[in-house]
Structure formats: C-alpha cells, structure tokens
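Below is one structure, written out as structure tokens; comments come after it.
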Amino acid sequence: MTPRRPAGADAIPAPKALPADTRKPGDGALYAALDLGTNSCRMLIARPSGGQFQVIDSFSKPVQLGLGLEASGRLSRQSMLRTVHALQVCRRKIEQHGVRRMRLVATEACRRARNSRDFMRMIRRETGLPVEIIAAEEEARLAVISCAPLVNTQTEQLLVVDIGGGSTELVWIDLRGVEPALRSRAIMRLTDGFPDGAAGNARVVDWISVPLGVATLRDQFADVSDDPARFALMSWQFEQMLEDFAPYITGVRADDAFQIIGTSGTVTTVAASHLGLKRYDRTKVDGLSMTSVEIDRVIHNYLALGPEGRRADPRIGRERHALIMSGAAILQTLMRVWPTSRLSVADRGLREGLLYSQMVRDGVLASDGLMGVA
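Using our numbering, the letters of the sequence shown correspond one by one to residues 673 to 1046.
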C-alpha cells in the first residue's frame, strides 16, 4: 500500500543563480514558471494584466526524465542530458525577455531518484537556473489554485485531479461552508497551504499523492503484451493506491453538488477526442464539461483502436500515444469510483499556479480576484 502523502524528503533548495529582483515590480514585470516533470519540461513567461495574466512566451518539450526510473531508482545519464538541453532553451528565453522573477520547480521524478542531488548540481553547473524540488503537497496545492476559476457556484464537494508523468495528486475539498458566489475565491485563498478550514473557508477534507502517473504506471506493466489486459491491470493497480484516501474509505456520494476538475495532458486529450477536434484548440477544451459516460465512450474507442490505431490518431498525437492508455486507466478508475456529470477539463496546472502565487506575493494580482489567462 502506498505511503501516505510523500513529503518530498530530499527537497533541495534552489541554487543562488539568476537572483530575483528585490525591487517592487513595475506594471510590465515579467514572471517565469517552469514545471520539470517525469515526462516533460514546460515553461510559461507571463505578465500580470488586471486580475489575469497574459502569456508572453511558452516552451514545452517531452524529455522523458523518468525513463528507467522504476527499474533503477536513478535518473539515467541520457535522460538528464536531454533535460539539460531543454533547460538551456528555457534559460535563453528567460534571458531574452529579461525575466527577473521566476519559480522553476521539479516534481516526482526528482523527488524519487537517488541521484537527484547530483542532477540538481548538473543543472546549476550547465544552466545556472534556480531549479528546486518541491514536495508533493505544494505540487497539489499549486494545481488546485490554478483551477479555481472553473469551480461552479453550485459545487459543494470538489475533487481536483492532477495526473502527471510520475504521480497523481488528488485533493478533496468541502465547500459547503462557503457562500456559492465566493467558492472560486475560497479555492484561491489556499495559496499558502491546506488549512483545516474555518467558517467561510474551503475545507480540505483529504489529499494524497499517488506515486503513479502516466509514465510510471505504463512502465510497471510494459511486459504485458495484451492491450485490454494491460489496461485492466493498470486500472486495478491505481485503485489499490486509493485505499488510504478518506473519501474512498467513506464512500462519498457523487451527486449534482459534486464536481471533478481534471488537469493533465490525459484529460485534455480525452476532451479533444470527445469533441472530434482535428487540431487541438485550447479555447474549446479548457473549461469543457464531460460526463462519465462520455469519457467511457472515448476510452473504449482508444481500446478499439489498439496501439497502432492510437499511434496514427491525430487527436492523440505521436508524443502521447504511448502514454494515453495509462492516463486513461487512471481517469476511468476515478470516474468509476466517483461517477459524475461534471468533470471540468482544465488546460492549466502547476505552471499557472506558480505564476499566480508569485504575482499575489508581489501584490500585482489580487488574491481574491478571479484569476485567468488573458
């Protein structure tokens, strides 16, 4: 059974490089947020714009940092080199835009790898970037606050799901004590942590970081050749990891006052397939609602396509075809445990949460505003 709430025990402080400007930021100050995950390196550069932020530049590269980590417990030399090359591109973008305020974080692969300290030293030496390894709780919290604008005013029980490459974060929040019109703002006020919940505040019932994401779950069953059998085993394995999660134990009922918000490439890919998009369109996907039945229909179609069909499907894409079924197994498990007519798709996540928290800290974005991406 999974250890409860991994603490990111070997969290490493950021190196003293590219120091942030300590002066009060001007209206045009730029911020950078980087998410170095198990599978991808992704960065946003943005500036505050009223109650929102405007994206100025972005970067995304599948680096497969965690490739082989399940078997060896270490980051491979090749994976680290691929990642450093991607980070060098990020460094150039940061310098080109003159960014002085940034938060650059690494997550599950670096939390788990025995040689993560060596890797952080390598990043510092080769790029000078102040990358830090964050704990699972902070990763979950940042994902939650990025999704605040998608919270429905009728929602009383909220489950936020962030399916990553190496882990999946689940946060269950009770909003019954919050006035309906203030529920999005109550989520945003979780910037500084997960409190027990006072009157008028969002109450975090429980949260868990499951050390299974799209890459790690795929790797665990890579030796199973039968496609439907592998999918069933992945789904079963993920559900076993929920046994310590309080809402799973108590059997919280999924009803009309219940909402799931899913943030991940898996969820946005399923949404694009559901819409029949030939080309991905964030404006059509972000904020879309899907039912459990609609999600099941898409996943059954993925299974019918088989590995070759998924590889050729333009809605899935060549970069994601090898990971989509492990992500789908996680998503379908959650829909089976907590069926809903309102899974809200969030094309946002850790990077947006990082930007938001920095801007609130600097006083250039109101913490009670309705954060969005301009």
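Cβ coordinates follow ideal geometry from the N, Cα and C atoms, glycine included.
With DSSP collapsed to three states, give me the class of residue 1000. helix
Return the first residue and the last residue of the beta strand (DSSP E) that residue 844 is part of. 840-846
CB-CB under 6 Å to residue 812, same chain, minus the five flanking residues each way: which ones, in chain order? 841, 843 and 879
Distance, Cα to Cα, residue 1053 vs residue 962? The chain is shown from 673 up to 1046; residue 1053 falls before or after that span and cannot be answered.
Report the partner residues of residue 879 according to the DSSP bridge assignment. 843
Can the beta-carbon of residue 816 be found closer than 7 Å to that of residue 759? no
Counting C-beta neighbours from all protein chains within 10 Å, is the total for residue 982 16 or more, i.e. buried, or is it exposed? buried
Residues sharing a beta bridge with residue 719, DSSP: 726
Classify residue 958 as helix, strand or coil using the three-state DSSP reduction. coil
For residue 985, name the three-state secondary structure that DSSP assigns. coil
When you compare the CB positions of residue 996 and residue 988, do they come within less than 7 Å of one another, or not? yes
Whether residue 740 touches residue 886 by CB criterion (7 Å): no
Is residue 1033 near residue 818, with beta carbons less than 7 Å apart? no
So residue 738 packs on residue 838, CB below 8 Å; how close in whole Å? 5 Å
Could you give the distance in angstroms between the alpha-carbon of residue 685 and the alpha-carbon of residue 766? Here residue 685 scores only 37 on pLDDT, less than 50, and its place in the model is too uncertain to base an answer on.
Can you look up residue 825 in the DSSP assignment and give me helix, strand or coil? coil
For residue 709 and residue 694, the rounded distance between their alpha carbons: Low confidence applies to residue 694: its pLDDT is 47, below 50, so where it sits in the model is not reliable, and the reading given next is rough at best. Residue 694 and residue 709: Cα-Cα distance of roughly 28 Å.
Determine, using beta carbons only, whether residue 855 and residue 876 come nearer to each other than 7 Å. no
What separation, rounded to the nearest whole angstrom, lies between the Cα atoms of residue 985 and residue 834? 24 Å
Taking all protein chains shown into account, decide if residue 1036 is buried (16 or more other Cβ within 10 angstroms of its Cβ) or exposed. buried
Between which two residues does the beta strand (DSSP E) holding residue 963 run? Unbroken run through residue 963: none, as it is neither H nor E.
Check each candidate in 966, 705, 872 and 975 and name the one with the smallest Cα separation from residue 1011. 966
Mind checking which residues open and close the beta strand (DSSP E) that includes residue 1099? Because residue 1099 is not part of the residues shown, which for the chain are 673 to 1046, the question remains open.
Ends of the alpha helix (DSSP H) at residue 815? 808-818
Assuming residue 907 and residue 1004 form a contact by the criterion Cβ under 8 Å, report the distance between their Cβ atoms to the nearest whole angstrom. 6 Å
Does residue 950 come out as helix, strand or coil in the three-state DSSP assignment? coil
On the DSSP bridge list, what partners appear for residue 1018? 935
Taking the Cβ atom as the reference point for each residue, do residue 731 and residue 715 lie within a distance shorter than 7 Å? yes
Skipping 5 residues on each side, what residues in its chain have a beta carbon closer than 7 Å to that of residue 852? 825 and 826
Under the assumption that residue 1102 contacts residue 874 (Cβ atoms under 8 Å), give the Cβ distance between them as a whole number of angstroms. Since the first and last residues shown for the chain are 673 and 1046, residue 1102 lies out of range.
What residue from 764, 821 and 774 has the CA that sits closest to residue 933's CA? 821
Tell me where the beta strand (DSSP E) around residue 708 begins and ends. 703-708
Under a three-way DSSP split, which group does residue 677 fall into? At residue 677 the pLDDT is 45, less than 50, meaning the model places this residue with poor confidence and gives no usable figure here.
Can you tell me which of 744, 1006 and 1023 puts its alpha carbon nearest to the alpha carbon of residue 1015? 1006
DSSP three-state call for residue 860: helix, strand or coil? helix
Please confirm whether residue 706 and residue 814 have their CB atoms less than 7 Å apart. no
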